[in-house]
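First up is the structure itself, then whatever we jot down about it.
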Amino acid sequence: MTQRAYVFLIITALIIFLYILRKALKKEISEIDAIIWLTSSFLGLIFVSVPGSINFLLNLTGVKYAPIAFLGLIILFLIIQNIRLTTRLYSIQKKQIKLTQEIALIDFNVNKISKKAEDE
Amino acid sequence: MPNLLIKFVGNEMSRNKYSNIISITSKKRFEIKYDNIVNYSIVKNKKIIAIIPTYNEELSIKKTCTDLIKHHPNIDILVVNDSSTDNTAKIVESMSSVKLITSPINLGIGGAVQLGLKFAYKNNYDVAFQFDGDGQHRANEFDKLLNRLEDDASDIAIGSRFMFNDKTNFRSSFLRRLGINFFAMLITFLIRKKITDPTSGFRAFNKKAIAVFSKNYPFDFPEPEVIIIAKKKKLNISEVFVKMNEREFGVSSISPLKSVKYMFKVTMAILLAFFRENV
Chain H
502 MTQRAYVFLI ITALIIFLYI LRKALKKEIS EIDAIIWLTS SFLGLIFVSV
552 PGSINFLLNL TGVKYAPIAF LGLIILFLII QNIRLTTRLY SIQKKQIKLT
602 QEIALIDFNV NKISKKAEDE
Chain G
11 MPNLLIKFVG NEMSRNKYSN IISITSKKRF EIKYDNIVNY SIVKNKKIIA
61 IIPTYNEELS IKKTCTDLIK HHPNIDILVV NDSSTDNTAK IVESMSSVKL
111 ITSPINLGIG GAVQLGLKFA YKNNYDVAFQ FDGDGQHRAN EFDKLLNRLE
161 DDASDIAIGS RFMFNDKTNF RSSFLRRLGI NFFAMLITFL IRKKITDPTS
211 GFRAFNKKAI AVFSKNYPFD FPEPEVIIIA KKKKLNISEV FVKMNEREFG
261 VSSISPLKSV KYMFKVTMAI LLAFFRENV
């Protein structure tokens, strides 16, 4: 890897880490998401900035080419995150539908009472 | 007194409801065709509601409601306006005998039907009908479904277009029938009960079924999934032959081009519903 590419990777990883940290501090993402993203972006920063650390990845995955192992882990992480978010999205969708139905029923009752009051 | 005209009757049947009028036991095939039957809601003194989920049905909703009122003046009609962007709500509001619930956001067909069932559950209705607002379902077919709930101790009665090979009945396009037949075979295999029209939206739910489905109703492909869930919740399902009309206005939400995609999705949804632990 050239020195320029090395610097570029470190800066990118640092920007991602700081961006997520800022989001977490401003409470724009939940605690659990903040923990997951901060940990993973911090690990990413370590891997790109500490040259020997990538060997740990190679031993872990059995892949001989370091960038492939790194990319593979990132894809795996994103797939897991995607599944997690899909599950949460469905849960929120269910809650939203339930809430909307309750609002519609309350609205119906309010209209009924208003009409009754008007008639009286 | 109901005016009964006997045409042909099913095997070994004896209908308790008409026991004072007729009791039949035969190995031949029968069917009872009845005209001018006394309104069931009066006969049985049951609290009945027709739930009409609608989304932009301004062209047909008035006719649908008027037909229902004409045929069944004693049942309550609830239009669930699923956040329509046209004049559906205004038209329904102008009909004093029709109840209207408007959802603040679009829930989809499953959410809209469940909203109606929640209303039925909270207001202690004995029977809830699901009835399309596009004019496909016939108001004069209500009694068939009601009778089935009573006679066969069914919890859900489904109006089927395909129980008999009636060429005069509206049966949708060939491609659609092919798809419906496939779903019917799949569901029949899974629940071990003959189902001929799993996508029919003309259904009657008794109190037990209202309680179950007011709490848990599928959203994405509700009609076939409801049958699987009902079976898993140990509810009795039965079908009744009904005649349906071709929709007069608007287009179906499932275009022929999307049918293959739809087939795959519904098949997956049916299988998922069947294998799911918590339905």
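Chains as they are written, first to last, in this note's numbering: chain H, 502 to 621; chain G, 11 to 289.
Note that CB positions come from ideal geometry on N, CA and C, so glycine has one too.
List the residues of chain H whose Cβ lies closer than 8 Å to the Cβ of residue 239(G), in chain order. Taking the first residue of the second sequence as position 1, residue 239(G) is located at position 229. Within chain H, no residue comes near residue 239(G); the closest Cβ sits about 15 Å away, beyond 8 Å.
Whose CA, out of 120(G), 111(G) and 107(G), lies closest to the CA of residue 594(H)? Counting from one through the first sequence, the residue named residue 594(H) turns up at place 93. Here the closest residue by C-alpha is 120(G).
Does residue 610(H) come out as helix, strand or coil in the three-state DSSP assignment? Here residue 610(H) corresponds to residue number 109 of the first sequence, with the count starting at 1. In this structure, residue 610(H) counts as helix in the three-state DSSP scheme.
Tell me, to the nearest whole angstrom, how far the beta carbon of residue 158(G) is from that of residue 248(G); I am working on the premise that it is less than 8 Å. The residue you call residue 158(G) lines up with position 148 of the second sequence. The residue you call residue 248(G) lines up with position 238 of the second sequence. About 6 Å; that satisfies the 8 Å criterion.
Alpha carbons only, please: which of 69(G), 218(G), 74(G) and 194(G) is nearest the one belonging to residue 96(G)? As a position in the second sequence, residue 96(G) is number 86, starting the count at 1. Comparing Cα-Cα distances from residue 96(G) to each of 69(G), 218(G), 74(G) and 194(G), the minimum goes to 69(G).
Nearest chain G C-beta to residue 509(H) closer than 9 Å, yes or no? On the first sequence, position 8 is the one that residue 509(H) refers to. Closer than 9 Å: no.
How about residue 165(G) and residue 242(G): are their beta carbons less than 9 Å apart? In the second sequence, counting from the first residue as 1, residue 165(G) sits at position 155. In the second sequence, counting from the first residue as 1, residue 242(G) sits at position 232. Against a cut-off of 9 Å, the Cβ pair of residue 242(G) and residue 165(G) comes out as no contact.
Residue interval of the alpha helix (DSSP H) (run including residue 153(G)): For the purposes of this step, residue 153(G) is taken as residue 143 along the second sequence, with counting starting at 1. Per DSSP, residue 153(G) belongs to the alpha helix (DSSP H) from 152-161.
Distance between residue 532(H) and residue 504(H) (C-alpha atoms, nearest Å): In the first sequence, residue 504(H) corresponds to position 3, counting from 1. In the first sequence, residue 532(H) corresponds to position 31, counting from 1. C-alpha separation (whole angstroms): 36 Å.
Contact check, residue 189(G) vs residue 272(G), beta carbons under 9 Å: Walking along the second sequence from the start, residue 189(G) turns up at place 179. Walking along the second sequence from the start, residue 272(G) turns up at place 262. With a cutoff of 9 Å on beta-carbon distance, residue 189(G) and residue 272(G) are scored as near each other.
Beta carbon of residue 191(G) nearer than 9 Å to that of residue 215(G): The count along the second sequence starts at 1 and reaches residue 191(G) at position 181. The count along the second sequence starts at 1 and reaches residue 215(G) at position 205. For the 9 Å CB-CB criterion, residue 191(G) and residue 215(G) do not form a contact.
Chain H contact residues for residue 125(G), given Cβ-Cβ distances below 7 Å: Numbered from 1 along the second sequence, position 115 holds the residue referred to as residue 125(G). Against chain H, a Cβ distance below 7 Å from residue 125(G) picks out 602 and 605.
Rounded C-alpha distance that separates residue 103(G) from residue 614(H): Taking the second sequence and counting its residues from 1, one reaches residue 103(G) at position 93. Taking the first sequence and counting its residues from 1, one reaches residue 614(H) at position 113. Taking the Cα positions, residue 103(G) is about 16 Å away from residue 614(H).
Beta-carbon within less than 8 Å of residue 198(G)'s beta-carbon, same chain only, minus the 5 sequence neighbours each way: which residues are those? By one-based count along the second sequence, residue 198(G) stands at place 188. Taken in chain order, the residues that qualify are 204 and 205.
Quick one: which chain G residues come within Cβ less than 8 Å of residue 620(H)? Position 119 of the first sequence holds residue 620(H). At a C-beta separation below 8 Å, residue 620(H) has no neighbours in chain G, since its nearest C-beta there lies roughly 12 Å away.
Beta-ladder partner(s) of residue 195(G), from DSSP: On the second sequence, residue 195(G) is found 185 positions in, with the first residue counted as 1. Looking at the DSSP assignment, residue 195(G) forms no beta bridge with any residue, so it has no partner.
For chain G, find out if any of its Cβ atoms is closer than 9 Å to the Cβ of residue 614(H); answer yes or no. If you number the first sequence from 1, residue 614(H) lands on position 113. Residue 614(H) does not count as touching chain G.
Does residue 229(G) come within less than 9 Å of chain H when only Cβ atoms are used? In the second sequence, counting from the first residue as 1, residue 229(G) sits at position 219. It does; some Cβ of chain H falls within 9 Å.
Kindly say whether residue 594(H), judged by its beta-carbon, lies nearer than 9 Å to any beta-carbon of chain G. As a position in the first sequence, residue 594(H) is number 93, starting the count at 1. Closer than 9 Å to some Cβ of chain G, the Cβ of residue 594(H) qualifies, so yes.
Boundaries (first-last residue) of the alpha helix (DSSP H) holding residue 91(G): Against the second sequence, residue 91(G) aligns to sequence position 81. First-last for residue 91(G): 86-91, but that is the beta strand (DSSP E), not the alpha helix (DSSP H).
Given that a residue counts as buried once 16 or more other Cβ atoms are within 10 Å of its Cβ, and exposed if not, what is residue 124(G)? Position 114 of the second sequence, counted from the start, is the residue given in the question as residue 124(G). Answer is buried; the Cβ neighbour count reaches 16.
Exposure label - residue 278(G); buried when at least 16 CB within 10 Å: Reading the second sequence from its first residue, position 268 is the one you call residue 278(G). Flag for residue 278(G) reads exposed.
Check this for me: beta carbons of residue 139(G) and residue 237(G), under 9 Å apart or not? Numbered from its first residue, the second sequence carries residue 139(G) at position 129. Numbered from its first residue, the second sequence carries residue 237(G) at position 227. Taking 9 Å as the cut-off, the Cβ atoms of residue 139(G) and residue 237(G) do not count as close.
Identify every residue that forms a DSSP beta bridge with residue 109(G). Here the question's residue 109(G) lines up with position 99 in the second sequence. When beta bridges are read from the DSSP output, residue 109(G) appears opposite 88(G).
Compute the Euclidean distance between the alpha carbons of residue 131(G) and residue 220(G), then round it to the nearest angstrom. Along the second sequence, one-based indexing puts residue 131(G) at 121. Along the second sequence, one-based indexing puts residue 220(G) at 210. Between residue 131(G) and residue 220(G), the C-alpha separation is close to 6 Å.
If you check the beta carbons only, do residue 76(G) and residue 62(G) fall under 9 Å apart? In the second sequence, residue 76(G) corresponds to position 66, counting from 1. In the second sequence, residue 62(G) corresponds to position 52, counting from 1. By the CB criterion at 9 Å, residue 76(G) and residue 62(G) fall outside the cutoff.
Chain H residues whose Cβ lies nearer than 8 Å to that of residue 128(G): Indexing the second sequence from 1 puts residue 128(G) at position 118. Under the 8 Å cutoff, chain H gives 602 and 606.
With C-beta atoms as the reference, is residue 574(H) less than 9 Å away from residue 565(H)? Within the first sequence, the letter at position 73 stands for residue 574(H). Within the first sequence, the letter at position 64 stands for residue 565(H). No.
Within 9 Å, strictly: CB atoms of residue 145(G) and residue 213(G): Sequence index remark: in the second sequence, residue 145(G) carries index 135 (1-based). Sequence index remark: in the second sequence, residue 213(G) carries index 203 (1-based). Cβ atoms of residue 145(G) and residue 213(G): not closer than 9 Å.
Report the partner residues of residue 213(G) according to the DSSP bridge assignment. What you label residue 213(G) is simply residue 203 of the second sequence in a count that begins at 1. For residue 213(G), which the question treats as bridged, DSSP gives the partners 140(G) and 168(G).
Only counting the same chain, and skipping five residues up and downstream in sequence, which positions put a Cβ closer than 7 Å to that of residue 276(G)? Working through the second sequence from its first residue, we reach residue 276(G) at position 266. Within the same chain, residue 276(G) has close Cβ partners 193, 231 and 234.
Residue-chain proximity (residue 112(G), chain H), Cβ-Cβ < 9 Å: By 1-based counting over the second sequence, the position of residue 112(G) is 102. Yes, because at least one Cβ of chain H sits closer than 9 Å to the Cβ of residue 112(G).
From which residue to which residue does the alpha helix (DSSP H) around residue 508(H) run? Within the first sequence, numbered from 1, the residue matching residue 508(H) stands at position 7. Run containing residue 508(H): 504-526, per the alpha helix (DSSP H) assignment.
By how many angstroms is the C-alpha of residue 229(G) removed from the C-alpha of residue 281(G)? In the second sequence, residue 281(G) corresponds to position 271, counting from 1. In the second sequence, residue 229(G) corresponds to position 219, counting from 1. Between residue 281(G) and residue 229(G), the C-alpha separation is close to 15 Å.
Between the CA atoms of residue 207(G) and residue 175(G) - distance to the nearest angstrom: Within the second sequence, the letter at position 165 stands for residue 175(G). Within the second sequence, the letter at position 197 stands for residue 207(G). When rounded, the distance between both Cα atoms is 13 Å.
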